[in-house]
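Colleague: Here it is, the structure in full.
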């Protein structure tokens, strides 16, 4: 039923309808509302049978999830930012062991400087961990992706991370349809584990593998991710048949058929980008949008096909590789391998900086007129940078940059005079 | 699209206010999106929240930069926050205070605005009267309904009851109704003036 509810609430209710048997998580903004709601549902008996395990850290949360999943339980957790980094060793292990844990990542920046707001640094930090990473554009898609995630994870014995923008989605209240229990039950079969720890039939999981077979085990993981490339669109199609709306899949194209410029991005910023694209189209510029839903596995063929008729591609990224440039842009360049196609990286929205339609349109005008550089930072305040560089030149003991910059900015009061 | 920005302090229900307004709009069959400004939540710290209402699905995720209406839950924020950023001269402003709008020391800032779109409302007093606590958010939504006509008081009441059950809900509805009446009268006076 369509209700006006918070994204976190909708995800929590949806996860509950997927009937996880073990939920183990440690609270961290902006994931907290999801976990609080699931905890309350377990306590009230609304979600049963399910064990909610309180632990002392994210490392323990993922470790318990691994243990639970290895016994054949459907396991769910959620985290963000520093929490993800704290559990990273276990994150790799979950993938390496082939355990189909589903985790919500409420995307948030990584410190220092400490910052609780949204960007994609956390997801990018575990890009190579072996987890499937799906990015939600809207809260409705976040809901729908969780249902598909359990199905995909368990079918392939691979963990799946559903990435949803922290605060922008998790704390947004909007019309969201949380599917009925019976519909979720009909779509999502009971978990049939490929491997299970059972005292009555003992096996071991987690053998040490030396040079004789490590590469093969890793390659097998890669093959299973390639299998996911086949399964993700099929599952999305089945989802549409069952639930009557399109969600998930490898990527979404918007007005790309005749587009000269195509903007590529991950997550909730796609909404604002589509508004900007429509506005530029009204001015006669042929702009389209591609939203990547499946970031890992990366859909090389689908990306190449979606971008094949474009003259230039602008990749808007909420993260970047310091000392290098765009992360998603690199993947896009690898997928297209077209020397005639210009690929621009626009880093935007770091640490929660608002990505506005106004700035996006300005950037698109620059792109159309050949004034957009290969790597730019949207709305970067060069004055702040220069003044801090000057302070660093003026004296050796210039102090911590973050503090200097905040002092430089001062407080903003109402401008009424 | 009608865009509202709420300014207040942590603990005043600023986020809940935007949420309830979005629910009210939803119950009237419209599309709505509410979200907070994502600060580190602390009692007393400045908090901003937003609500968009439209007849079409809302795609944008940017903060409300050019509000059609401002609801200011705590007027002392004037010294800390750029309250009126992006507000056009067609905009509505509702300020929670016992003072009259012309007494707030805004000088000539609002001289080009429609005077009957600028109101103050003693929402904290209505809340204390009904709830015994200084929580002005529900009352201000009643005032907002009267000021803008963008939403009905019935829809506001239903959203308040959806958020607060039982007696607390009814008392908040009473505060919203009192503010609605107050703002309706004040607006009428301004229209006649």
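Chains as they are written, first to last, in this note's numbering: chain V, 140 to 556; chain B, 1230 to 1422. Backbone N, C-alpha and C define an ideal beta-carbon position, used for all residues, glycine too. Predicted model, so just to flag it, every value in this text is computed and none were measured.
1) Under 8 Å, do residue 398 of chain V and residue 441 of chain V count as touching if we go by C-beta distance?
2) Name the chain B residues that come within less than 9 Å of residue 494 of chain V, Cβ to Cβ?
3) Candidates V:453, V:486, V:458 and V:281: which alpha carbon is nearest residue 472 of chain V's?
4) Are any of the Cβ atoms in chain B nearer than 8 Å to that of residue 541 of chain V?
5) Quick one: is residue 427 of chain V buried, meaning 16 or more other Cβ sit within 10 Å of its Cβ, or exposed?
6) Since residue 158 of chain V sits in a beta bridge, which residues does DSSP pair it with?
7) Put residue 215 of chain V into one of helix, strand or coil per three-state DSSP.
8) Within 8 Å, do at least three Cβ pairs link the stretch 276 to 295 of chain V to the stretch 236 to 255 of chain V?
9) At the 8 Å Cβ level, is residue 1261 of chain B part of the contact set with chain V, yes or no?
10) Would you say residue 313 of chain V faces chain B, with C-beta separation under 8 Å as the test?
11) Kindly list the residues whose CB is nearer than 6 Å to the CB of residue 226 of chain V, restricted to its own chain and excluding five residues on each side of it in sequence; keep chain order.
12) If you follow the beta strand (DSSP E) that residue 314 of chain V is in, where does it begin and where does it stop?
13) Which same chain residues, not among the five before or five after residue 1367 of chain B, have their C-beta less than 6 Å away from its C-beta?
14) Are any of the Cβ atoms in chain V nearer than 8 Å to that of residue 1251 of chain B?
15) Is residue 267 of chain V close to chain B? Criterion is C-beta to C-beta, closer than 8 Å.
16) With 16 other CB atoms within 10 Å as the buried threshold, where does residue 1420 of chain B fall?
17) What would DSSP say about residue 259 of chain V, mapped onto helix, strand or coil?
18) Do residue 303 of chain V and residue 346 of chain V have their beta-carbon atoms positioned less than 8 Å apart in this structure?
19) How far does the alpha helix (DSSP H) with residue 444 of chain V in it reach, from first residue to last?
20) Residue ranges of each alpha helix (DSSP H) run of no fewer than 4 residues wholly in the stretch 496 to 545 of chain V, ordered along the chain?
21) Is there a Cβ from chain B that is less than 8 Å from the Cβ of residue 178 of chain V?
22) Is there contact between the stretch 1296 to 1311 of chain B and the stretch 1238 to 1250 of chain B, where contact requires at least three CB pairs shorter than 8 Å?
23) For a test of the three-state rule: what should DSSP assign to residue 449 of chain V, helix, strand or coil?
24) Pick out whichever of V:402, V:203, V:218 and V:243 has its Cα sitting closest to the Cα of residue 232 of chain V.
25) Could you tell me if residue 298 of chain V is buried or exposed, where buried requires 16 or more neighbouring beta carbons within 10 angstroms of its beta carbon?
26) What's the gap between the Cα of residue 280 of chain V and the Cα of residue 386 of chain V?
27) Mind reading off the beta-carbon distance from residue 310 of chain V to residue 169 of chain V? Whole number of angstroms is fine, and I expect it under 8 Å.
28) Select from the stretch 405 to 429 of chain V all residues with a C-beta closer than 7 Å to any C-beta belonging to chain B, and list them in chain order.
29) Under 7 Å: does the beta carbon of residue 1377 of chain B sit that close to some heavy atom of the ligand SAM?
30) Hey, is residue 391 of chain V's beta-carbon within less than 8 Å of any beta-carbon in chain D?
31) Give a yes or no on whether the C-beta atoms belonging to residue 389 of chain V and residue 371 of chain V are separated by under 8 Å.
32) Within 10 Å of its beta-carbon, does residue 436 of chain V have 16 or more other beta-carbons around it, so buried, or fewer, so exposed?
33) Indicate whether residue 412 of chain V and residue 455 of chain V have their beta-carbon atoms separated by less than 8 Å.
34) Compare the C-beta of residue 1246 of chain B against all C-beta atoms of chain V and say whether one is closer than 8 Å.
35) Taking CB distances under 8 Å as the criterion, tell me whether residue 172 of chain V reaches chain B.
36) Would you say residue 1233 of chain B faces chain V, with C-beta separation under 8 Å as the test?
Modeller: Reading from the atomic positions:
1) no
2) 1290 and 1291
3) V:453
4) no
5) buried
6) In the DSSP output, where bridge partners are listed per residue, residue 158 of chain V has none listed.
7) strand
8) yes
9) yes
10) yes
11) 197, 198 and 201
12) 312 to 316
13) 1389, 1401, 1404 and 1405
14) yes
15) no
16) exposed
17) coil
18) no
19) 439 to 446
20) 496 to 507 and 521 to 533
21) no
22) yes
23) coil
24) V:203
25) buried
26) 6 Å
27) 6 Å
28) 407, 408, 410, 411, 413 and 414
29) Because no ligand of any kind appears in the structure shown, any question about the ligand SAM cannot be addressed here.
30) Looking at the structure shown, chain D is missing, and the protein chains on hand are V and B.
31) yes
32) buried
33) yes
34) no
35) no
36) no
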